[in-house]
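Colleague:
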Amino acid sequence: MSDEVRPVDRMVTFGLLAAWALHDVEELATGPAWLRRHVPELRERFPGVPERVWRQAEAVDGREFALAVGLVGATVAAASVAGRRSDGHSAFYQAALNGFGLHGLVHLAQAAAVRGYTPGSVTSPLLVVPFTLWARGRLRRAGALRPTRARDVATGLLTAAVVTVAAHTTARKILHRP
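In our numbering, each residue carries its 1-based index in the sequence shown increased by 9.
#1: Can you give the Cα-Cα distance for residue 174 and residue 105, rounded to whole angstroms?
#2: On the criterion of 16 or more Cβ atoms from any shown chain inside 10 Å, does residue 109 qualify as buried, or is it exposed?
#3: Within 8 Å, do at least three Cβ pairs link the segment 167-185 to the segment 120-140?
#4: Just confirm the distance between the C-beta atoms of residue 21 and residue 97, as a whole number of angstroms; I'd bet it's less than 8 Å.
#5: Residue 78: which of 184, 176 and 185 sits nearest, CA to CA?
#6: Which value, in whole angstroms, describes the spacing of the CA atoms of residue 46 and residue 40?
#7: Hey, is the segment 125-136 in contact with the segment 25-36, meaning 3+ C-beta pairs nearer than 8 Å?
#8: Buried or exposed: where does residue 184 fall if 16 or more other Cβ atoms within 10 Å of its Cβ makes it buried?
#9: Give the straight-line distance between the Cα atoms of residue 139 and residue 132, rounded to the nearest whole angstrom.
#10: Quick check: what's the CA-CA separation for residue 91 versus residue 150?
#11: Cα-Cα, which of 187, 118, 186 and 103 is closest to residue 24?
#12: Does the beta carbon of residue 34 come closer than 8 Å to any beta carbon on chain C?
This is the structure:
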């Protein structure tokens, strides 16, 4: 292995945005309808989940979901630009990349928990996880990948969750929904 630093290909940085967009097409196409159909059975199956969570899940409509996806997309776009400008070294970009990959693993865990399809569970093993691993490998070979610690994994998951909740909260406010 060489210590030579090589430039990072645009597909590594802007590929995050492209992979995210393709993944979210699946979520946009299936998310709200899947929730409406499955919340009653999920409520029975997972009684420990607070009722407030189920009510919010049932209330998500297509407009709110699409707006929230767009808001998350703006964050992913900003991270991709930061990654490109820094040749992959940006902590923001790498956190977004890691969060994207972890988000894919969450989709797979959700599908396993319900023993079936959940929105995002098709593109996660086919696109999200492979792209993340590929991009991290390219960053590593270019000498740009920051070391990953357990704390980074927890932060990545928490950040992805916070961005998602904030996007839905903002979408509800913009659409004047309670």
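Even for Gly, the Cβ is constructed at its ideal location relative to N, Cα and C.
Modeller: Checking against the coordinates, here is how it stands:
#1: 16 Å
#2: buried
#3: no
#4: 6 Å
#5: 176
#6: 10 Å
#7: yes
#8: exposed
#9: 10 Å
#10: Between residue 91 and residue 150, the C-alpha separation is close to 19 Å.
#11: For the residues 187, 118, 186 and 103, the minimum Cα distance to residue 24 belongs to 103.
#12: Absent from the structure: chain C. Only one protein chain is present.
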